[in-house]
Amino acid sequence: MAIQCNINQRGRMLRLIAGVLIEGPGWIVLALRFTDFLSGDWPWFVGGGAVFLGMFLILEGALGWCVVRALGVNTSV
91 MAIQCNINQR GRMLRLIAGV LIEGPGWIVL ALRFTDFLSG DWPWFVGGGA
141 VFLGMFLILE GALGWCVVRA LGVNTSV
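Below is the structure:
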């Protein structure tokens, strides 16, 4: 079963841009935690979650496929 494109060019660009804007700060939070500038466990979860979400959005934009649309939800973009 192949993934079929279910978003247009505007949706692809929106997901790519959102992915970069979310992933970048995630790496910064992880770097600050790794250098002990931030303490506790929360930076690992917040930074890791942001990096994971950003990568997933970039993947969606690159493939032209949206998981929410694939589940049957009609999105505006």
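Residue numbers for the sequence shown follow my numbering, so the first one is 91 and each next one is one higher.
Positions of the beta carbon are idealized from the N, C-alpha and C atoms, including for glycine.
This structure is a prediction, so every number in the text was calculated from the model and none was measured.
Legend entry - Own chain residues within Cβ distance below 6 angstroms of glycine 128, not counting five before or after: The residue you asked about is not glycine; residue 128 is leucine in the sequence shown. Only Leu122 meet the Cβ criterion.
Legend entry - Alpha carbon of glycine 101 to alpha carbon of valine 167, nearest angstrom: 5 angstroms
Legend entry - Nearest to valine 110 (by Cα), restricted to the options Val119, Trp132, Ile148: Ile148
Legend entry - Separation of methionine 145 from asparagine 96, as counted between CA atoms: 19 angstroms
Legend entry - Nearest neighbour of valine 107, chosen from Gly151, Gly139, Leu120 [CA to CA]: According to the sequence as given, residue 107 is isoleucine; it is not valine. Considering only alpha carbons, the answer is Gly151.
Legend entry - Close beta carbons around valine 119, own chain, < 8 angstroms, minus the five adjacent residues each side: Leu128, Pro133, Val136, Gly137, Ala140
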